[in-house]
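Worksheet: the structure to be examined is printed underneath.
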Amino acid sequence: MSKLELKGIHHTFSGKKQRVPVLSDVTLHVKEGEFVSIIGPSGSGKSTLFHIIGGLLTPSGGEVWLDGVSVTGTKGLISYMPQQSSLFPWRSIEANVALSQEVAGVSRSAALDKAREWLPKVGLGGYEHELPHVLSGGMQQRVSFLRALLSPQEVMCLDEPFGSLDALTRQAMQSWLLNIWEQNKRSILFVTHSIEEAIFLSDRIYVLSNKPAQVIEEFIVPFERQRHEKVMMDPKFHELRQHIQSLLRQEILS
Ligand SMILES: Nc1ncnc2c1ncn2[C@@H]1O[C@H](COP(=O)(O)OP(=O)(O)OP(=O)(O)O)[C@@H](O)[C@H]1O
Ligand SMILES: [Mg+2]
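Going by UniProt numbering, the first residue of the sequence shown is number 1, and it counts up by one from there.
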């Protein structure tokens, strides 16, 4: 059984003057313990889709199912890292990380202990008591990532979690995420603009069309777990990258 299923999701934003159709019949799923990426042109509706999965937005049509039950429009069931890191400016870094656990019912002291244990692992040891404005954009992104990671829900939705990191830190975070994920296999839905990142991390990849978005193709990534960086040298890696790249190019130029 799939953990997360999106069934025929449609969404249209209705403004004062115009209606903007953004999602048009998006159907996809993430199985238990699966790592699935979504890749698509900018503005195609990926973040909108995540708002719908997280219950922050009710779709114009279609349903979100979790563990075989419709949960459309319900908040709090998914661990979610938004594209814009949404840290509370008045809360310390450790309190920001602890927040998602507290909301899910973990005691404050246990949540803070966990935050203190993990902050050094993402290179933020020593920043526990600082406020978010002291951190760079990439550091804030890591805090936001950690908050989603430590949140106890089974399904995690990550919206371009490594978007504002430099190439080396990004690579280190990818390997680190893979390592953690391979140890406890949560179900992950991951948005990225990097085709290499999607192939390196995922079991499957959905490619979305321009807005209004639809799934135009689904790929199964042909590499075993545990996965190592050397897969990036494999001819199959390059083949898949070229294929996805040409699909996206057609979309962007269409
Ligand atoms: N609240 C809103 N009201 C009206 N239009 C919106 C709203 N939110 C998003 N949109 C529009 O919906 C479209 C999709 O936006 P969305 O943020 O989902 O794209 P995205 O695929 O995440 O893009 P990116 O890759 O750049 O993050 C855009 O055209 C955007 O202008
Ligand atoms: Mg987005």
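Yeah, the Cβ is synthetic: ideal placement off N, Cα and C, and Gly gets one too.
Would you say residue 182 and residue 116 are within 9 Å of each other, going by their C-beta atoms? Here residue 182 is taken as the residue at index 182 of the sequence shown, counted from 1. Here residue 116 is taken as the residue at index 116 of the sequence shown, counted from 1. Contact flag unset, no.
For residue 155, which beta-bridge partners are listed by DSSP?
Counted from its first residue, the sequence shown places residue 155 at position 155. Beta-bridge pairing links residue 155 to 187.
Any heavy atom of ligand 1 closer than 8 Å to the beta-carbon of residue 10? Here residue 10 refers to the residue found at position 10 of the sequence shown. Every heavy atom of ligand 1 is 8 Å or more from the Cβ of residue 10, so no.
Report task. Have a look at residue 40 and residue 198 and give me their C-alpha separation to the nearest angstrom. Result -> Counting from 1 along the sequence shown, the entry for residue 40 is found at position 40. Counting from 1 along the sequence shown, the entry for residue 198 is found at position 198. Going from the Cα of residue 40 to the Cα of residue 198 covers about 11 Å.
_Quick test of your reading: residue 81 and residue 148, contact by CB under 8 Å. State the CB separation rounded to the nearest angstrom._
As a working note, residue 81 is residue 81 in the sequence shown. As a working note, residue 148 is residue 148 in the sequence shown. 4 Å between Cβ atoms; contact.
_Quick check: the stretch 135 to 148 against the stretch 21 to 28, are at least 3 beta-carbon pairs closer than 8 Å?_
no
- Query: Going by the beta-carbon positions, is the gap between residue 215 and residue 28 smaller than 9 Å?
  - Reply: In the sequence shown, the residue the question calls residue 215 occupies position 215. In the sequence shown, the residue the question calls residue 28 occupies position 28. Yes; because the gap between Cβ atoms is below 9 Å, this pair is in contact.
Neighbourhood of residue 98 by C-beta distance below 6 Å, restricted to the same chain and skipping five residues each side: Counting from one through the sequence shown, the residue named residue 98 turns up at place 98. If we look at residue 98 and ignore the five residues flanking it on each side, its Cβ neighbours are 111, 112 and 115.
| request: Apply the 10 Å Cβ neighbour rule to residue 88 and answer buried if 16 or more other Cβ atoms are within range, or exposed otherwise. | output: The sequence position of residue 88 within the sequence shown is 88, counting from 1. With fewer than 16 other Cβ atoms within 10 Å, it is exposed.
**Prompt:** Does DSSP classify residue 19 as helix, strand or coil?
**Reply:** Indexing the sequence shown from 1 puts residue 19 at position 19. In this structure, residue 19 counts as strand in the three-state DSSP scheme.
- Any idea which residues DSSP pairs residue 61 with across the strands? Your numbering for residue 61 matches position 61 in the sequence shown. Residue 61 pairs with 10.
Let me know if residue 228 comes out buried or exposed under the rule of 16 or more other beta-carbons within 10 Å of its beta-carbon.
Stepping through the sequence shown from its first residue, residue 228 is reached at position 228. Flag for residue 228 reads exposed.
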